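Undergrad: Protein chains in written order, with numbering that gives the first Met the number 0: chain Z, 0 to 349; chain A, 0 to 290.
Ideal placement from N, C-alpha and C gives every residue a C-beta, glycine not left out.
Model, not experiment: these values are computed from the prediction.
Structure incoming, see below.
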Amino acid sequence: MNLKVQEARVPGLPVAPPPPPEPLTTGTESPAASPIRKFLLERSNSAISDGTFRWLMLVCALVIFGIVALIAWQLISRSQLSISKFGLGFFFKQAWDPVSGNFGALPFIYGTLVSSIVALIIAVPLAIGVAVFLTEMCPKFLRGPLSFLTELLAAIPSVVYGLWAIFVLVPILREHVNPYLMKTLGWTGFFTGPNYGIGILAAGVILAIMILPIISSLTREVMTAVPHTQREAVLALGATRWEMIRMGVLRNARIGIVGSIILGLGRALGETMAVTMVIGNRPEIVKSLLGLGYSMSSVIANEFSEASDDMYLSALIEIGLALFIVTIIVNAIARLLVWAVTRGAPQRVV
Amino acid sequence: MALPQKSGRMNRAWRMFANHAATGLAIISTVLVVAPLVAIFIYLLYKGASSINLAFFTQIPKPVGETGGGMANAIVGSGILLALGSILGVPVGIGAGIYLAEFGRGGKLANFVRFTADVLNGVPSIVMGIAVYSLIVLPQKHFSALSGGVALGIMMIPTITRTTEEMLLMVPHAIREAALGLGVPNWRSVLSITLKTASPGVITGCMLAFARVAGETAPLLFTAFGNNFWSANINQPIAALPLQIYVYAISPYDEWHRLAWAGALVLISLIVVSVALVRYVTTRGVLKGAS
């Protein structure tokens, strides 16, 4: 017998999450909907103070929107100079010459993209492996400490990762990993050239370590949201544990997993300090991953406070604006995907 | 996808093999993830512990070439920046959380605000630095502790808002209704009944946000800017622990590297202690009373 029945019920889409337990529903329904509360509120004779309080809280909520709008407005207005001079060509030009005032962001976009992609290639399989282990295989006594450890990984500040990368990771890459990569994969052209230790690969590796906790904790959340009946159904058909995970869990959670990967990508794109410390900070486009690069965030971090003339500053702010827009889009997509799977299940702040 | 149809010994062996291989891979990846963490901590302890001494906590940085010196001004500076950030971020964050949970539930505006909070959460910290630079530093024409505090405060808001909202929603309606039934005005009931019941969770959220921004460097680069001397004036550039670590880490001097490791150890102890505290509070059932 095959699983066509299950297939028909779940045509590639996330399964409807289990109905939340009873106390949760009563807790999360709209307070305004409760008739008793409504009645009591109408009877209350403190209309002025209540109104003021409600208004104050509304202001706090609107402040959040105000801040985002203010950030966007500042970035757009301060980068006008560069936008009007270079137009869209700014993002497709290699030149970065503060002296003659000729700016193009392509090398930085390239560095950001490539280091983030390297990070995803390393982090995604590991993160999914950890999530699978922690949700489906791990003995109970290990689950708590291990998930605490992965949470700690998320709590380490970027600058400490950078410090560790400079003094531990880069020497390891230079002495052991890079020579090996050059010997075995040198023919692909991705691992050639002088071996500095620092460079795009180093940035990718440290980014991978940094985005791992985000991807794995969200993947875990999504996998936990898959109802147990799915697992039981597959197991009842005689599946091994791995087949159960593959067909019962991962298939149903895949949209959410993609969402968590995109969220990790969002983090990687905007990450600044650790990348700045190891990427090499040279505005060039080189095919080799061992070569030095520059990322959008690190050029801002390095050159912003020395930008002497308005055009220079404006070009840097335009890079910031691009980063802002890209991360908003990436995050919105990711949130929608994760939300599509976990809605109904209690949410968590990431 | 269907289970393999062919029956037979080979097929069964293959499925068993795949099962064990997958288990093995999952275990290996867990080890690979935990390994760098352990490596970072061990190295940090080893390098940091040997460089921490009393001078580190009491002296300001010495000029290049002289040994000794500490980061006392950076530790105090970080404290001032975080205090400024909390003064701005905590009330606004909790207020917005109250609005989302108590007034705007299910409304379009609330959904919009929630989405904006998520957007704000995803804004790269360096972009936050630029925005605050052009908002405060450019008009004032000088770097200041105040601008650094504002940047950190803004970054605290989304986390606090979302945790506050979640925690308030866990408070049962009966409690709210009981308060209102006794004739307590709604604002009083929200502040001293609902918020108070949820306070362990709300405090957890604040500490999480605090731990998150405590290590932020990028938004301080061109707001607080850093300072090699004592300064408690919020209108002047001020030193911060993460900034100092960054500057020392990329410097070519061994003595400064030593101080960077010590600084990193202090910073991370601060963060780990608050995260562990948060975890203790959230898992030990302190919140159970609220739900």
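Write down every uninterrupted run of the alpha helix (DSSP H) in the stretch 190 to 246 of chain Z whose length is 4 residues or greater and which is fully enclosed by it, in chain order.
TA: Uninterrupted alpha helix (DSSP H) stretches at least 4 residues long and entirely within the stretch 190 to 246 of chain Z occur at 199 to 224 and 227 to 235, given in chain order.
Undergrad: Z:N301 by DSSP, collapsed to three states: which one?
TA: helix
Undergrad: To the nearest angstrom, how far is it from the Cα of A:H172 to the Cα of A:I192?
TA: 11 Å
Undergrad: Under a CB-based cut-off of 9 Å, is Z:Y179 close to chain A?
TA: no
Undergrad: Determine the contact status of A:G76 and A:A144, defining contact as a CB-CB distance below 9 Å.
TA: yes
Undergrad: Taking 9 Å as the cut-off, decide whether the C-beta atoms of A:H256 and Z:F166 are in contact.
TA: yes
Undergrad: Determine, using beta carbons only, whether Z:D309 comes closer than 9 Å to chain A.
TA: Taking Cβ atoms only, chain A never reaches closer than 9 Å to Z:D309, which makes this a no.
Undergrad: Out of A:A71, A:A261 and A:F55, point me to the one whose CA is closest to A:W229's CA.
TA: A:A71
Undergrad: Taking 9 Å as the threshold (C-beta atoms), are Z:T326 and A:G121 in contact?
TA: Their beta carbons are under 9 Å apart, which means A:G121 touches Z:T326 by this criterion.
Undergrad: Residues in the stretch 63 to 74 of chain Z with C-beta within 8 Å of chain A's C-beta atoms, listed in sequence order?
TA: I63, F64, I66, V67, L69, I70, Q73 and L74
Undergrad: Specify the secondary structure class of Z:G86 as computed by DSSP and reduced to three states.
TA: Three-state DSSP puts Z:G86 in a helix.
Undergrad: Going by other Cβ atoms of all chains shown within 10 Å of its Cβ, with 16 needed for buried, is Z:M209 buried or exposed?
TA: buried
Undergrad: Looking only at C-alpha atoms, which of Z:F147, Z:V158 and Z:I199 sits nearest to Z:L351?
TA: With chain Z covering 0 to 349 only, the question about residue 351 of chain Z has no answer from this structure.
Undergrad: Between Z:A339 and Z:G258, is the Cβ-Cβ spacing less than 9 Å?
TA: Yes, the Cβ-Cβ distance between Z:A339 and Z:G258 is below 9 Å.
Undergrad: Near Z:R142, what residues of its chain come up, given a Cβ to Cβ distance below 8 Å and the 5 sequence neighbours on each side ignored?
TA: L133
Undergrad: Would you kindly work out how many angstroms separate the C-alpha atoms of Z:W163 and A:D253, rounded to a whole number?
TA: Each residue's Cα considered, the two are about 15 Å apart.
Undergrad: Would you list the residues sitting across from Z:D308 in a DSSP beta bridge?
TA: Z:D308 is not bridged to any residue.
Undergrad: On a Cα-Cα basis, can you pick out the residue from Z:V67, Z:P156 and Z:S115 that is closest to A:G270?
TA: The amino acid occupying residue 270 of chain A in the given sequence is Ile; Gly does not appear at that position. Of Z:V67, Z:P156 and Z:S115, the residue nearest in Cα terms is Z:P156.
Undergrad: Going by C-alpha to C-alpha distance, which of A:S250, A:N10 and A:L151 sits closest to A:G64?
TA: A:S250
Undergrad: What residue range does the alpha helix (DSSP H) around A:H172 cover?
TA: H172 to G180
Undergrad: Give a yes or no on whether the minimum CB-CB distance between Z:S33 and chain A is below 9 Å.
TA: yes
Undergrad: Helix, strand or coil for Z:V348 per DSSP?
TA: The predicted position of Z:V348 is uncertain, since its pLDDT is 40 and thus under 50; a value taken from the coordinates is nonetheless stated next. Residue state, collapsed to three classes: coil.
Undergrad: Could you say which of A:S28, A:V126, A:A210 and A:L168 lies nearest to A:A275 if we only look at CA atoms?
TA: A:A210
Undergrad: With respect to the alpha helix (DSSP H) encompassing A:L219, which residues constitute its N-terminal and C-terminal limits?
TA: From DSSP, A:L219 is part of no alpha helix (DSSP H); its letter is neither H nor E.
Undergrad: At a Cβ threshold of 9 Å, is Z:V112 touching chain A?
TA: According to the sequence provided, residue 112 of chain Z is Leu. The question's Val does not apply to it. Z:L112 does not count as touching chain A.
Undergrad: With a threshold of 8 Å, are at least 3 pairs of Cβ atoms found where one atom belongs to the stretch 268 to 288 of chain Z and the other to the stretch 185 to 192 of chain Z?
TA: yes
Undergrad: Tell me whether Z:W95 sits in a helix, a strand or coil according to DSSP, three-state version.
TA: In the structure shown, Z:W95 sits in a strand (DSSP, three-state: E or B).
Undergrad: State yes or no: is the beta carbon of A:N90 nearer than 9 Å to at least one beta carbon in chain Z?
TA: The displayed chain sequence assigns Pro, not Asn, to residue 90 of chain A. It does: the Cβ of A:P90 has a partner Cβ on chain Z nearer than 9 Å.
Undergrad: With a threshold of 8 Å (Cβ to nearest heavy atom), would Z:L180 be considered close to the ligand MG?
TA: Among the components modelled here there is no ligand, and therefore nothing to report on the ligand MG.
Undergrad: Under 8 Å by Cβ, that's how I've got Z:M243 and A:I97 pegged, so tell me the actual separation to the nearest angstrom.
TA: Contact between Z:M243 and A:I97 does not hold, since the beta-carbon distance rounds to 43 Å and is not under 8 Å.
Undergrad: To the nearest angstrom, how far is the alpha carbon of Z:M222 from that of Z:L335?
TA: If you take the alpha carbons of Z:M222 and Z:L335, they lie about 16 Å apart.
Undergrad: Among residues of its own chain, excluding the 5 on either side of Z:P30, which ones have a beta-carbon nearer than 8 Å to its beta-carbon?
TA: For Z:P30, the predicted model reports a pLDDT of 48, less than 50, meaning its position is unreliable and no value from the coordinates is stated.
Undergrad: So, under 8 Å CB-CB, Z:A267 and Z:Y160 are touching, yes? Tell me the CB distance rounded to an integer number of Å.
TA: Not a contact, Cβ separation roughly 12 Å.
Undergrad: So which of Z:I213, Z:A224 and Z:F323 has the shortest CA-CA distance to Z:V129?
TA: Z:I213
Undergrad: A:N226 to A:I237, Cα distance in whole Å?
TA: 5 Å
Undergrad: Would DSSP call A:F228 helix, strand or coil?
TA: coil
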